[in-house]
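Report on one structure; see the data block that follows.
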Amino acid sequence: MVRTVLITGATSGIGKAIAYSFAKNGDNLVITGRRSQKLREIQEDLQATFGVTVWAYTMDVTKEEEVATTCQTILAEVGAIHVLVNNAGLALGLDKFHDYKPGDMMTMLDTNVKGLLLVTRHILPRMVRENHGHIINIGSTAGIYAYAGAAVYAATKAAVKVLSDGIRIDTIDTNIKVSTIQPGIVKTDFSQVRFHGDKERAAQVYEGVEALQAEDIASCVLFVANQPKHVQISDMTIMATQQATGFMIHRE
Ligand code: NDP
Ligand code: 8X3
């Protein structure tokens with residue numbers, strides 16, 4: 044069966060790699076994110092390279108009305124969503140909690156938690172009505188192991204894990220699956236975003252360690268999504284080989 048896979052935050056990094064891995068698998072895609080131009084470029088490339096159908100919708104997951112309207116439009120124009128990958132997310136700053144910029148704290152909460160809640164709340168009811176679907180939420184090892192300067196980011200990712208578990212309980216009498224993917228250190232634009240565009244500081248995060256690549260996480264997501272109907276992978280944690288906990292990393 045050709046599935047339709049909706050991905051939030053598909054303009055870069057892990058979300059973009061997930062889009063490519065599902066397209067290569069022959070699935071149709073709905074890609075979303077705030078950067079319309081990037082969405083269009085990715086849409087064209089995916090369609091030309093893999094011959095699948097790709098819809099692109101600009102959607103900022105922190106904007107409640109925009110999420111409601113866009114999700115309704117997607118369900119009306121595209122039809123059923125078989126897999127929802129809640130990937131859009133970010134960390135901002137790496138400061139002690141008492142020094143944190145309030146705006147950064149709230150943006151992390153709004154994106155990583157409220158955004159995921161809103162999108163899921165709009166897409167899940169039809170999955171329940173039609174008794175099929177798979178929600179794959181991108182958490183983080185930070186949701187298991189808090190680390191210095193990341194109290195709020197870690198809390199948002201712990202929330203992702205607990206929300207997934209709660210939704211799995213609430214859909215237990217359906218064929219819907221809910222999975223949390225918890226990556227460790229992945230080399231993407233994540234650190235550039237975290238350090239507000241400071242490329243040098245971002246590069247230091249990946250120095251001396253062979254970090255995971257976005258494609259490593261994408262292949263795990265595809266594996267989770269490609270299990271038979273009776274197999275539900277609830278959680279998957281993926282670390283770099285020289286990583287033992289969220290922030291315990293051996294560097295050469
Ligand atoms: P990137 O910065 O490369 O990608 C983040 C994506 O999220 C972009 O596509 C961005 O799209 C989207 N996004 C951010 N804010 C919003 C918003 N308000 N509305 C819609 N989309 C938004 O980082 P990663 O690929 O690394 O991060 C993807 C996910 O993986 C995040 O949830 C992150 O927390 C998680 N993660 C990352 C790890 C890492 O080490 N890199 C490890 C563990 C988890 P746009 O700017 O176009 O809106
Ligand atoms: C993002 C990676 O190392 O900041 O979740 O936890 S890390």
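For what it's worth, the numbering used here labels the leading residue of the sequence shown as 44, then goes sequentially.
Here a beta-carbon is modelled for each residue, glycine too, at the ideal position from N, C-alpha and C.
N-terminal and C-terminal residue of the alpha helix (DSSP H) that residue i is part of
i       : result
Ser-55  : It is not in any alpha helix (DSSP H) - Ser-55 carries neither H nor E in the DSSP assignment.
Thr-280 : From DSSP, Thr-280 is part of no alpha helix (DSSP H) but of the beta strand (DSSP E) over 278 to 281.
Val-128 : Unbroken run through Val-128 is the beta strand (DSSP E), 126 to 129; no alpha helix (DSSP H).
His-141 : Note, His-141: premise wrong, no alpha helix (DSSP H); not H, not E.
Ile-85  : 79 to 93
Leu-159 : 159 to 173
Lys-200 : 194 to 213
Ile-187 : Looking at the DSSP string, Ile-187 is not in any alpha helix (DSSP H), and its letter there is neither H nor E.
Thr-113 : 107 to 120
Boundaries (first-last residue) of the beta strand (DSSP E) holding residue i
i       : result
Leu-72  : 71 to 76
Ser-222 : 220 to 226
Ala-99  : 97 to 101
Ile-179 : 177 to 181
Buried/exposed call for residue i, threshold 16 Cβ in 10 Å
i       : result
Phe-93  : buried
Ile-224 : buried
Arg-46  : buried
Val-97  : buried
Met-170 : buried
Ile-215 : exposed
Arg-237 : buried
His-177 : buried
Phe-233 : buried
Cβ shell of residue i (< 7 angstroms), same chain only, five flanking positions each side left out
i       : result
Ile-166 : Leu-49, Cys-114, Ile-124 and Leu-127
Gly-227 : Thr-184, Leu-255, Ile-281, Met-282, Ala-283, Gln-286 and Gly-289
Val-95  : Ala-66, Gly-69, Asp-70, Asn-71, Leu-72 and Leu-89
Gln-235 : Lys-242 and Ala-245
Lys-144 : Gly-136
Asp-147 : Leu-135 and Gly-136
8 angstroms Cβ shell around residue i - same chain, five flanking residues per side excluded
i       : result
Ile-292 : Ile-228, Val-252, Ala-283, Gln-285 and Gln-286
Cut-off 6 angstroms between Cβ atoms - residues of its own chain near residue i, not counting five sequence neighbours on either side
i       : result
Gly-58  : Ile-50, Gly-52 and Asn-130
Asn-218 : Asn-174 and His-175
Gly-209 : none
Val-221 : Ile-178, Ser-207, Ile-210 and Arg-211
Ala-79  : Reading the sequence as shown, one finds Ser at residue 79 and not Ala. For Ser-79, where only same-chain residues beyond five positions count, the Cβ hits under 6 angstroms are Thr-101.
Ala-62  : Ile-50, Ala-53, Leu-72 and Ile-74
Residue ranges of each beta strand (DSSP E) run of no fewer than 3 residues wholly in the segment 233 to 294, ordered along the chain? 278 to 281
Any chance you could list the residues with Cβ under 7 angstroms from a heavy atom of the ligand 8X3, keeping chain order? Ala-134, Ser-183, Thr-184, Ala-185, Tyr-190, Ala-193, Tyr-196, Lys-200, Pro-226, Gly-227, Ile-228, Val-229, Phe-233, Gly-289 and Phe-290
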